[in-house]
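Throughout the sequence shown, residue numbering follows mature numbering (1 follows the signal peptide of the UniProt record, and there is no 0), covering -23 to -1, 1 to 404 in sequence.
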Amino acid sequence: MKKVMLKKTLGLAITLASSQVFASGFALNEQSISGMGTGFAGRSSSAEDASTVYGNPAGMVRLDGQQITGGLAVIDATSNISQASGSSSGSNKGNMVPLTGVPFAFYTQKLNEQWAVGFGLYAPFGMVADYEKGFQGKAFGSKSEVKVITLQPTVSYAINDKVSIGFGPTINRVFGTLESDINLPNPSLASNNIKIKGDDTALGFNAGVLLQATDTTRVGLTYHSQVKYKLKGHTQVTKGANVPDVVLSSGRYDAALKIDTPESWDFSVTQDVNADWKLYAGATWTRWSRLKDITVKNEGVTYSDGVYAQALLSTIKEEQNWHDTWAYAVGTSYRLNKQWVLRTGLTVDQSPTNNTDRSPRIPTGERTIFSFGAGYNVAPNMTVDVAYAYLKEAPVKVDRTNALGQYYKAKYESSANGFGLGVTYRF
């Protein structure tokens, strides 16, 4: 019985996952609008503006003077649910991801020919998923939200005119909320609301190396470290109106769980074809296999909280068994004139989930992303970047059953539109 609750509510950590972000699992790519235009191909080798603090901190020393880059990406996702069936009745409207904004800001300053410093504020992970109140699969998750905010002071050093390195510790703050509605077996099938909230602060780091291999070729490698969180918060139980206290009582319990966001390696190449054309290519490996299971521990649960409370709430565990993923991207940019540069890119991103463990919270498949963008120099020291990306996800099926014999099956088809606006100011 100890697995029942998580098979219905999944636990706080899984609220980090969604099929409607532009990177695998629950990672976010939206830290650069210029990079968004090329599908983030060349992210670790371009060093075109201050967003290189995240893309590759070694690139800061390539930027002249001081630069500020800031912007916002907006994600508009659509999910269609079909072929749905379950042990309980309900609706399957889909479109559970509201319009979502992802802001960022970066600053760099070149101190001399060898040293540069910088700072970044951005969101590396996050999502929102909010099903309708009468969702048929609500026993397996009805609402999830997470926000991860990162601060990154950074330093870059040029070893010589060919090689530079960069490093930045990251201070990461995570907030998570989960809601689900479960039905207990005899003597009552009333809906009982379970809400789990938690937060934590943890440290990590980003590091990179940038090589000017030839006069026209740059090669970059960036490492984003694993971050270990121990989220602390509470589990709030609100029992159905006709559920006797002897079965389940309303209550609030201290909750904790451990979750690691994965490390990743980003390798890319930027090739100057001529004065106007550039080609980009990149590959990113992410160690999602760290997410093997989720365990939530609640304190202070007793049998006086109901006959189901001890078994359902004390320790909650579910297998996830995610696997490592690769993402591949190619892109190009063309300088039309002194004011305009045009960009485009294509990305293929693997899904970390598997057919056995996939749930309504993470109905994610392999993604293909088409990107377009442009940069406009409104002044000699100011550039405005815009980008559009269309994500199409391979159809996937969810087939889940819990220990009470409740089940939910459905086919998910998802897509998303991403819009980005960024500004870089140089002084």
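For glycine and all other residues, C-beta sits at the position ideal for the given N, C-alpha and C.
Fair warning: this is a prediction, and the values are worked out from it, not measured in the lab.
May I have a chain-ordered list of the alpha helix (DSSP H) segments no shorter than 4 residues that lie completely inside the segment 154 to 230?
For the segment 154 to 230, not a single whole alpha helix (DSSP H) run of length 4 or above is found.
4-residue-minimum alpha helix (DSSP H) runs that sit fully inside the segment 298 to 361, ordered along the chain
Qualifying alpha helix (DSSP H) stretches: none in this window.
Sorted by chain position, which residues of the same chain lie with C-beta nearer than 6 Å to Ala24's C-beta, five sequence neighbours on each side aside?
Listed in chain order, the non-local C-beta contacts of Ala24 below 6 Å within the same chain comprise Gly36, Arg39, local neighbours out to five positions each way being set aside.
Given Asn169, which residues of its chain have a CB within under 8 Å of its CB, disregarding the five upstream and five downstream residues?
Within the same chain, Asn169 has close Cβ partners Asp158, Ile159, Asn160, Leu161, Val214, Thr215, Lys216, Gly217, Val220, Leu225.
C-beta contact flag for Phe182 and Thr147 at 9 Å
Yes, the Cβ-Cβ distance between Phe182 and Thr147 is below 9 Å.
With a threshold of 16 other CB atoms inside 10 Å of the CB of residue 405, please say whether the residue is buried or exposed.
The structure shown does not extend to residue 405, since the chain is modelled only from -23 to 404, so the question has no answer here.
Could you tell me the alpha carbon to alpha carbon distance between Gly78 and Ala364, rounded to whole angstroms?
Pairing Gly78 with Ala364, the inter-Cα distance amounts to about 14 Å.
Residues bridged to Val373 by DSSP?
Answer is Tyr389, bridged to Val373.
Run of the beta strand (DSSP E) containing Gly63, from where it starts to where it stops:
Per DSSP, Gly63 belongs to the beta strand (DSSP E) from 43 to 63.
For a quick check, are the C-beta atoms of Gly342 and Leu323 less than 9 Å apart?
No, Cβ-Cβ distance for Gly342 and Leu323 is not below 9 Å.
Going by other Cβ atoms of all chains shown within 10 Å of its Cβ, with 16 needed for buried, is Tyr206 buried or exposed?
With 16 or more other Cβ atoms inside 10 Å of its own Cβ, Tyr206 counts as buried.
Give me the DSSP bridge partner(s) of Asn275.
The bridge partners DSSP lists for Asn275 are Ala232.
Can you grab the Cα-Cα spacing for the pair Lys315 / Tyr353, in whole Å?
Using only the alpha carbons, I get a separation of about 9 Å.
Cβ-based burial, Thr191 [other Cβ within 10 Å; buried from 16]
Looking at its Cβ environment, which holds fewer than 16 other Cβ atoms inside 10 Å, Thr191 is exposed.
Given a cut-off of 9 Å on the beta-carbon distance, is the pair Leu313 and Ile271 in contact?
In this structure, Ile271 does not lie closer than 9 Å to Leu313 by Cβ.
Rounded Cβ spacing between Val246 and Ser22 (contact assumed at less than 8 Å):
Yes, they are in contact, since the Cβ atoms of Val246 and Ser22 sit about 6 Å apart, within 8 Å.
Assign Gln91 to buried or exposed, taking buried as 16 or more other Cβ atoms, counted over all protein chains shown, within 10 Å of its Cβ.
Gln91 should be labelled exposed.
Hey, quick one: how far does the beta strand (DSSP E) through Tyr134 stretch, first residue to last?
Here the beta strand (DSSP E) through Tyr134 covers 120 to 135.
Selection from Gly32, Ala258, Lys388, Leu198 that minimises the alpha carbon distance to Pro337
Ranking Gly32, Ala258, Lys388, Leu198 by Cα distance to Pro337 puts Lys388 first.
Which residues mark the beginning and the end of the alpha helix (DSSP H) in which Thr29 is found?
Counted as a single uninterrupted DSSP element, the alpha helix (DSSP H) harbouring Thr29 occupies residues 29 to 32.
Residue closest to Arg403, alpha-carbon to alpha-carbon, out of Ser392, Phe3, Thr302, Gly47:
Ranked by how close their Cα comes to the Cα of Arg403, the residues Ser392, Phe3, Thr302, Gly47 have Gly47 in first place.
Would you report the Cα separation of Arg188 and Val196, rounded to the nearest angstrom?
The amino acid at residue 188 is misidentified as Arg; the sequence shows Leu. CA-to-CA, the gap between Leu188 and Val196 works out to about 5 Å.
Contact defined as beta carbons within less than 8 Å: I believe Trp265 pairs with Trp299. What is the distance between those atoms, to the nearest angstrom?
Cβ-Cβ separation between Trp265 and Trp299: approximately 4 Å, consistent with a contact (criterion under 8 Å).
On the three-state DSSP scale, how would you describe Arg39?
In the structure shown, Arg39 sits in a helix (DSSP, three-state: H, G or I).
Alpha carbon to alpha carbon, how far is Lys87 from Gln43? Give it in angstroms, no decimals.
Roughly 6 Å between the two C-alpha positions.
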